[in-house]
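First up is the structure itself, then whatever we jot down about it.
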Amino acid sequence: MKWIRSRTRKQKILLILLAALLAGGAFVYDWLFVDLPSVDNLEAGLALPSTRIFDRNGQLLYEILPPEGGRNTAVTLADIPDHCVKAVIATEDANFYCHPGVDVEGIARALWINLRGGEVLAGGSTITQQVARNLLLEPEQRTERTIQRKLRESILAIRLQNSYTKTDILTLYLNQTYFGNLAYGIEGAARAYFAKSARELSLAECALLGGIIANPAAFDPLSNLEGATERQQNTLRLMVNQNYLTQAEADAAEKDTLQFAATRFPIHAPHFVMAVWTQLQRDYGESLYRDGLDVVTTVDLNWTNAAQDIVQQQLDRLNHPPPGSRVPANAHNAAVIAMDPFTGQVLTMLGSPDYFDETIDGAVNAALAPRQPGSALKPFTYAAAFNPQQAHPWTAATMLLDVETPFITRK
């Protein structure tokens with residue numbers, strides 16, 4: 081009987097343990113997997129692309145940003161310099177090509193750094209984990225510093241690794257990661273910081289951009305050049321350590337003087353761009369801010385710049401005549417439109433000498449602004465009066481009495 085009671089007690093304990101295990105498993109499953117997004121939903125998290133307006137020769141005139149986004153244009157991996165790719169891998173995920181989406185070695189290294197520093201100094205997230213976090217998790221979840229978020233991010237990263245190639249994941253990362261100053265992706269960052277396309281970036285520029293990804297606000301080169309330069313130098317050291325560069329190449333890049341963009345959002349031929357923008361809003365509506373259009377226009381930027389120089393020279397000549405020749409014209413505004421007479425294409429549109437000069441209301445496009453026709457309407461009146469098809473057409477010798485006269489306009 082004792083043996084039976086002992087066996088029954090053991091069975092109860094086993095049942096309790098099994099029930100606890102099942103309950104714990106159900107809790108963990110609910111904690112980690114319930115509401116976990118599918119990796120097939122990557123597109124839902126993509127940054128909205130910019131709409132770009134070009135002149136007839138392919139020169140970028142302006143980028144129209146989405147209202148709730150930033151500058152973003154996707155490019156292929158082939159359009160990104162190899163040293164840019166290596167700079168990002170060196171700083172963000174040295175073992176990118178070796179791990180299955182989660183880098184256990186990197187996590188252990190980050191844990192050791194954090195323990196030694198007494199605070200969170202390193203995150204240990206791989207490039208794949210960052211893609212999973214930024215494109216699949218909800219915005220409010222991305223900044224959470226919890227074990228649950230980290231584990232869910234890791235699960236999604238492994239699933240991404242099983243569904244996409246390393247090239248796909250790296251291309252997504254380079255096109256979607258945030259570089260600060262409303263720049264998403266390497267192409268947007270190249271335009272925002274250096275006013276050039278990604279394919280034109282130098283090693284020094286790539287090292288700087290790769291270094292600021294970790295904290296774009298803290299290492300913003302436009303407000304903290306010293307901090308950004310330190311990150312650039314650290315990136316170059318990492319690239320040397322990982323045999324991406326020789327020490328001589330890194331030293332040369334450190335000495336390279338960086339030329340930053342004069343403005344974050346440059347605009348060329350602004351009067352024409354604003355006219356095109358208005359037409360695009362009318363013709364395309366919300367897709368203008370959602371679909372990332374590339375708009376090639378008829379205007380020639382070189383012609384437009386030449387027209388602006390000519391207008392400013394002519395105004396200066398009118399306002400500053402040679403002494404004793406004539407009275408200054410006191411003319412401060414002018415507009416120019418040049419069209420191809422065979423196609424009607426607008427080649428040049430200049431709405432004022434200087435779009436940004438508020439003293440002359442320079443942003444007003446005088447080439448398109450409505451105005452009273454005045455005497456400009458007289459030739460049309462004369463043409464109607466001289467029309468030989470009329471019963472009694474006027475001639476140049478027709479006499480008119482300068483007295484009040486009623487005219488019958490309709491019967």
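Heads up: the sequence shown runs through residues 81 to 491, numbered per the working numbering.
A virtual CB, placed ideally from N, CA and C, is assigned to each residue, including glycine.
Since this is a predicted model, take the numbers as computed values, not measurements.
Could you check whether residue j and residue i sit closer than 8 Å to each other, using their CB atoms as the reference points?
i, j, result
"THR153", "GLY260", "no"
"PRO301", "ILE292", "yes"
"PRO161", "GLN241", "no"
"LEU430", "ALA449", "no"
"ILE227", "VAL182", "no"
"ILE440", "HIS412", "yes"
"ALA515", "MET319", "Beyond the ends of the chain as shown, which are 81 and 491, falls residue 515; an answer cannot be given."
"LEU157", "LEU283", "no"
"LEU122", "LEU216", "yes"
"ALA387", "THR428", "yes"
"LEU395", "PRO433", "yes"
"LEU116", "LEU236", "yes"
"PHE340", "TYR273", "yes"
"ALA278", "ASP159", "yes"
Please report the straight-line C-alpha distance between residue i and residue j, rounded to a whole angstrom.
i, j, result
"LEU316", "THR223", "28 Å"
"TRP83", "ILE93", "Because the pLDDT at TRP83 is just 49, under 50, the model does not fix this residue reliably, and the value given afterwards should be weighed accordingly. Taking the straight line joining both Cα atoms gives about 15 Å."
"ALA342", "ALA270", "13 Å"
"HIS163", "ALA275", "19 Å"
"ASN321", "PRO350", "47 Å"
"LEU252", "GLU334", "28 Å"
"TYR258", "GLN209", "15 Å"
"ARG151", "LEU141", "14 Å"
"ASP336", "GLY290", "16 Å"
"ILE417", "GLU484", "40 Å"
"GLN470", "ASP374", "52 Å"
"ARG344", "GLU267", "13 Å"
"ALA66", "ASN410", "In the structure as shown, the chain begins at 81 and stops at 491. Residue 66 is therefore absent and cannot be evaluated."
"ASP173", "GLY424", "54 Å"
"PHE134", "VAL376", "5 Å"
"ALA456", "GLY125", "56 Å"
"ALA188", "ASN385", "57 Å"
"VAL426", "PRO453", "22 Å"
"TYR324", "VAL184", "23 Å"
"TYR177", "LYS246", "7 Å"
"LYS458", "GLU280", "56 Å"
"ARG229", "VAL119", "16 Å"
"ARG311", "PHE299", "8 Å"
"PRO408", "TYR435", "24 Å"
"VAL155", "VAL168", "16 Å"
"TRP111", "ASN255", "Since pLDDT at TRP111 reaches only 47, below the 50 mark, its modelled position is unreliable, and no value is offered."
"GLU329", "ASP437", "45 Å"
Compare the C-beta of residue i with all C-beta atoms of chain D and state if any pair is closer than 8 Å.
i, result
"LEU281", "The structure shown contains no chain D; it is built from a single protein chain."
Can you tell which of the options has the C-alpha that lies nearest to the C-alpha of residue i?
i, options, result
"PRO147", "ALA158, SER130, LEU157", "SER130"
"GLN476", "ASN467, GLU484, ASP482, VAL483", "Residue identity check: residue 476 is Ala in the sequence provided, not Gln. The residue with the shortest Cα to Cα distance from ALA476 is ASN467."
"ALA414", "VAL168, ILE390, GLY268", "ILE390"
"GLU285", "ALA308, SER303, ALA263, ASN304", "ALA308"
"TRP474", "TYR462, ASP482, PRO401", "TYR462"
"LEU360", "ARG232, GLU143, GLN139, GLY138", "GLU143"
"THR478", "ARG490, THR489, ALA465", "ALA465"
"LEU338", "ALA328, PHE352, GLU306, THR358", "GLU306"
"ALA127", "SER205, VAL211, ASP331", "VAL211"
"ALA443", "GLY149, ILE347, ASP159", "ILE347"
"LEU231", "ASP248, PRO219, TYR244, ARG213", "ARG213"
Worksheet item: Three or more C-beta pairs closer than 8 Å, one from the segment 378-390 and one from the segment 362-370: is that the case here?
Response: no
Item to complete: Output the residue ranges of the alpha helix (DSSP H) runs that lie fully inside the segment 104-167 and measure 4 residues or longer, sorted by chain position.
Response: Runs found: none.
Fill in: Segments of 3+ residues assigned as beta strand (DSSP E) that fall wholly inside the segment 386-420
Segments of the beta strand (DSSP E) lying fully in the segment 386-420: 416-419.
Discussion item. Please give the ranges of any alpha helix (DSSP H) in the segment 308-341, keeping only runs that are unbroken, at least 4 residues long and fully inside the region.
Written reply: Listed in chain order, they are 327-335.
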